[in-house]
Amino acid sequence: MKYIQHPICSIFILLLICFISSCSEIYEYEFESQAPLLVVEGLITNTTGPHYVRLTESINEVVKPDYSGSPVEITQPITGAMVTLSDDMGNTEELRYTGHQEGTYPETQGWYIIEEIEGAVGRTYTLTIEWNGKIYTAEDRMEPVPAIEKVGFKRKHLSAKNEDVDIPLIYFYEPQGVKNYYLMYYSVDGFFGSNRNWSFSILNDEFLDAHVDGLEMDDGQSPTGQDFYEYIGGGAQVDVYLESLSEPAYEFYRGVIDQFDADGGAFSPAPATPVGNISGGALGLFRASAVSKKSTTK
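Counting from 180, one number per residue, gives the positions in the sequence shown under my numbering.
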């Protein structure tokens, strides 16, 4: 069975990696005694659902990250929260706990399903969570996304590895006069990414022309700094995705990537958890994104 690892499905492990990968030496570290924190991973898009929100508890220990891309299930799922989603059109839905999300690794638990509310461009969505006597809220607006015009490929030789790789190229028309933020990723024959934890890229439109004419799609980022581009054989089906991001969602992902880029030196800032959009002291992100997809055969 093929399992997907959508960008929203790795937030908790990425937060741990942000802390661990910035340290170049091993330390004995004693965590402060505190109640677990709520960790939220939520996504609604304008594609056919269902969509999901995942709730887990933080843990007070350092865990060695798995750079292989395999699931590292170190979280405690939250099963008894009251989770409500509403939009600015007056629609409200109480989410149902399902445990496992169909199509993802069976090890991942803590998923609540969105069955009634649909994602639509221009709408604002509010997530409310009641857990352990506290109320947490998050809000995000679904921004528009350009339609992908076409997809191409570029062959590149990696001298460090002495091998040829294939880089997908994306073409689309970028709206001018307004600030836009995007997330992009691709799959080959149904598989998202290779041996990495971070299988997507983010960008803003600061340096994009009105016609984006063959933008190279980075296939993700790794805490180890490795380049995971690989050869894409003839006849492979490549699905390319471009998703809209609100500015807060973009800044959250940029904060995680900035931690990957930190060298851990004596004069580098201490690693910090990226700030999400969940009120009340919870970690993570709830986002609403429009999706553009283009499929091609190489």
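For glycine and all other residues, C-beta sits at the position ideal for the given N, C-alpha and C.
Since we're looking at a predicted model, the values are computed, not measured.
Is residue j closer than 8 Å to residue i when the C-beta atoms are compared?
i    : j    : result
V324 : S471 : yes
A146 : L217 : This structure leaves residue 146 out entirely; the chain is present only between 180 and 477.
H336 : I293 : no
L348 : L382 : no
G414 : K358 : no
Y121 : Y429 : Only positions 180 to 477 of the chain appear in this structure, which leaves residue 121 out of reach.
I411 : V367 : yes
M268 : A469 : no
Y365 : V417 : yes
D384 : E353 : yes
Please list the terminal residues of the continuous beta strand (DSSP E) segment that includes residue i.
i    : result
D418 : 416-424
G221 : 217-224
N383 : 380-383
S265 : 261-266
M363 : 360-367
F465 : 462-468
Y410 : Looking at the DSSP string, Y410 is not in any beta strand (DSSP E), and its letter there is neither H nor E.
T235 : 230-236
L387 : Run containing L387: none; DSSP gives neither H nor E here.
Among the options, which one has its Cα closest to the Cα of residue i?
i    : options                : result
N225 : E297, Q416, V417, D345 : E297
V330 : G413, F351, E281, S458 : F351
M363 : G369, S338, L424       : L424
E295 : D343, R275, P427, E281 : R275
Q255 : D267, T263, H279       : H279
T235 : W290, G269, I436       : W290
Y432 : E328, A299, G463       : G463
A326 : V419, G356, G301       : V419
A317 : E220, V435, E385, L421 : E220
R233 : Q288, N341, L421       : Q288
S237 : I257, T227, G228       : I257
F371 : V300, P215, G356, T283 : T283
A299 : N341, V262, T277, T227 : T227
So, under 8 Å CB-CB, residue i and residue j are touching, yes? Tell me the CB distance rounded to an integer number of Å.
i    : j    : result
F332 : I314 : With a Cβ gap of about 49 Å, F332 and I314 do not count as contacting.
E309 : A260 : 6 Å
L264 : L306 : 6 Å
D266 : F465 : Actually they are not in contact, since the Cβ atoms of D266 and F465 sit about 13 Å apart, beyond 8 Å.
D397 : S380 : 4 Å
Is there at least one non-hydrogen atom of the ligand FAD closer than 7 Å to the beta-carbon of residue i?
i    : result
A469 : This structure lacks the ligand FAD; in fact it carries no ligand of any kind.
Please specify which runs of the alpha helix (DSSP H), each continuous and at least 4 residues long, are wholly inside the stretch 273-352, giving them in chain order. none
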